[in-house]
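Everything below concerns the one structure shown next.
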Amino acid sequence: IEKTIFLFIYIANENDLFNFIYESIKNNINYPQNLKIIPMSFQDDTTIAPLFFRSDATITRSGGSTILELLAVANGKVLIHSEGKLKQNLIKGMPYWEVGNALYLKKFKNSELVNTDNFVDQLELLFSS
Numbered sequence: 564i565e566k567t568i569f570l571f572i573y574i575a576n577e578n579d580l581f582n583f584i585y586e587s588i589k590n591n592i593n594y595p596q597n598l599k600i601i602p603m604s605f606q607d608d609t610t611i612a613p614l615f616f617r618s619d620a621t622i623t624r625s626g627g628s629t630i631l632e633l634l635a636v637a638n639g640k641v642l643i644h645s646e647g648k649l650k651q652n653l654i655k656g657m658p659y660w661e662v663g664n665a666l667y668l669k670k671f672k673n674s675e676l677v678n679t680d681n682f683v684d685q686l687e688l689l690f691s692s
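For the working numbering, count along the sequence shown from 1 and bump the result up by 563.
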């Protein structure tokens, strides 16, 4: 991938995760120069909505507020995070109160469920088009 990629990671003020991301980048000698990782803490809708609007892809959970924002403004590929394993139904890896939201996004935004097993495949599809 030749273009510059900006990856915004929302970390909810978790210093351990922020430090892990920082150390991983700092210590990786093969870190791609065209990848810019921006860790962010809590942001309100006036920040998130424009990012969703301009993003080529989003990877989120399917909570109520999030899906409303995605339905209203997302133009890119909508990927929904699941804790499920690839060989089972990925819906089973989601909190039961988010399943209906994920199915709704699948129907109206052509979203896909992603986990650690199919994440790279989904990104390759996204960046190959």
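Just so you know, even glycine gets a beta-carbon here, dropped at the ideal spot from N, CA and C.
Taking the alpha helix (DSSP H) that residue i falls in, what are its first and last residues?
| i | result |
| --- | --- |
| residue 667 | 659 to 672 |
| residue 620 | Careful: residue 620 lies outside any alpha helix (DSSP H), inside the beta strand (DSSP E) at 620 to 623. |
| residue 585 | 578 to 590 |
| residue 686 | 682 to 691 |
| residue 632 | 627 to 636 |
Classify residue i as buried or exposed, calling it buried when 16 or more other Cβ atoms lie within 10 Å of its own Cβ.
| i | result |
| --- | --- |
| residue 635 | exposed |
| residue 665 | buried |
| residue 683 | exposed |
| residue 586 | exposed |
| residue 687 | exposed |
| residue 564 | exposed |
| residue 629 | buried |
| residue 598 | exposed |
| residue 704 | Outside the modelled stretch of the chain, which goes from 564 to 692, sits residue 704, for which no answer is possible. |
Let me make sure I understand the geometry here. Which of the options has the alpha-carbon closest to that of residue i?
| i | options | result |
| --- | --- | --- |
| residue 638 | 655, 647, 629 and 615 | 615 |
| residue 600 | 608, 611, 588 and 675 | 588 |
| residue 595 | 605, 569, 579 and 618 | 569 |
| residue 566 | 619, 660 and 644 | 619 |
| residue 654 | 628, 624, 590 and 605 | 624 |
| residue 528 | 590, 578 and 583 | Residue 528 is absent from the model: the chain starts at 564 and stops at 692. |
| residue 689 | 657, 621, 670 and 645 | 621 |
| residue 602 | 645, 584, 685 and 663 | 584 |
| residue 680 | 668, 645, 663 and 670 | 645 |
| residue 610 | 571, 661 and 659 | 571 |
| residue 652 | 612, 608, 676 and 685 | 676 |
Check the C-beta distance from residue i over to residue j and give it rounded, since I have them as a contact under 8 angstroms.
| i | j | result |
| --- | --- | --- |
| residue 631 | residue 672 | Between residue 672 and residue 631 the Cβ distance is about 12 angstroms, and since that is not below 8 angstroms, they are no contact. |
| residue 642 | residue 674 | 7 angstroms |
| residue 678 | residue 647 | 6 angstroms |
| residue 592 | residue 581 | The pair is not a contact, with the Cβ atoms about 21 angstroms apart (cut-off 8 angstroms). |
Quick one: is residue i near chain D, going by C-beta distance under 9 angstroms?
| i | result |
| --- | --- |
| residue 569 | Chain labels in this structure do not include chain D; a single protein chain is all it has. |
Grab the span of the beta strand (DSSP E) containing residue i for me, first residue to last.
| i | result |
| --- | --- |
| residue 602 | 598 to 603 |
| residue 642 | 640 to 644 |
| residue 568 | 568 to 573 |
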